[in-house]
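First comes the structure, then the notes that go with it.
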Amino acid sequence: MFKRWKRASLHGDVLVHCHFEVPKDDTQWPWELWDLKLGSWVRNLRKTQSTMPTENKAALDAMGFIWDALAYQWETNGMALETYKSLFGHLRVPYQYIVRDQDPAWPSSTWNMNLGNLVSTLRKSKETMTPEKHELLEAMGFVWKVNEYRGESSPPPKIPLDHQQMILEMAHYIHTNLQGHDKFMNFPKSKVPDQDPWPEHWRGITLDISTFRSAYEQGLFDPLIVPEFDKIGFVWNCFGN
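In full-length UniProt numbering, the protein residues as written are 1 to 241.
Below is the structure:
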């Protein structure tokens, strides 16, 4: 059975959900593992940690096996919150905010995390969490009540895809023809001048990149647009650079 686990681990997932069963007829898995209740088996491994053979435990450790899933998840959640704060300067995470996949600014264990939902869950569990966890969140600057910041401006409206694409085209143009440096940070907060070298079809358009950056922070962008801005070195958080 231990050899079976070793083979299954080649698929790169050591944090197995407790109800996970290997799907039958799934050719991504060795046939002898089909229908294996891997989640239950992992739970039993954790229970027998103190009595299992030393060589088995060492092999599992080498794979990165998670012995305490709750502690691991808490640590991952903490890294996500700390990363968000380092990028945006606060922990007022929008409910719909999801960490982008393969984003080098974030720890890989947080990719695709629904951070907004996590924050909502933490707020709801304030009265039941341990004092230690509560103190850690307090030290981070966690916001327990959204209405504590009711005086701040409301989140920006969702930017239509065609407008996102238009601003991307402008960004490429400014980066290539006007700005002349690697980090694309400055972008006019005004109307496009009605003169050369600006293309005629953009002249007179109002640009408000502070709102544009804020919309990104709120998770309101098309996921295919963001990497295109990243390619030209667009700086989403100008205060952190």
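Where a beta carbon is used, it is the ideal one built from N, C-alpha and C, also for glycine.
Per-residue DSSP class, three states only, for residue i
i: K191; result: strand
i: F142; result: coil
i: R7; result: Because the pLDDT at R7 is just 47, under 50, the model does not fix this residue reliably, and the value given afterwards should be weighed accordingly. Helix at R7.
i: P227; result: helix
i: T83; result: helix
i: T110; result: helix
i: T130; result: coil
i: F234; result: strand
Boundaries of the alpha helix (DSSP H) in which residue i is found, first to last residue
i: R123; result: 115-124
i: F212; result: 209-217
i: H17; result: Neither: H17 is in no alpha helix (DSSP H) and is coded neither H nor E.
i: D196; result: Where D196 is concerned, there is no enclosing alpha helix (DSSP H), given that its DSSP letter is neither H nor E.
i: A171; result: 161-173
Short Cβ contact (8 Å threshold) for residue i with residue j
i: I66; j: L137; result: no
i: residue 246; j: L33; result: The chain is shown from 1 up to 241; residue 246 falls before or after that span and cannot be answered.
i: K133; j: W144; result: no
i: L168; j: E228; result: yes
i: P197; j: N177; result: yes
i: Q164; j: D208; result: no
i: V235; j: R100; result: no
i: Y72; j: G219; result: no
i: D35; j: K24; result: yes
i: I174; j: K191; result: no
Whole-number beta carbon distance between residue j and residue i, since they are thought to touch under 8 Å
i: W106; j: T83; result: 5 Å
i: V93; j: L70; result: That belief does not hold up - the Cβ atoms of V93 and L70 are roughly 21 Å apart, past 8 Å.
i: M129; j: T110; result: In fact, because the Cβ distance is near 20 Å, the residues do not count as touching under 8 Å.
i: Q49; j: K37; result: Not a contact, Cβ separation roughly 19 Å.
i: residue 246; j: L87; result: The structure shown does not extend to residue 246, since the chain is modelled only from 1 to 241, so the question has no answer here.
Report task. Only counting runs of 4 or more residues, tell me where the alpha helix (DSSP H) segments fall wholly within the segment 22-75, in order along the chain. Result -> 38-47, 54-63
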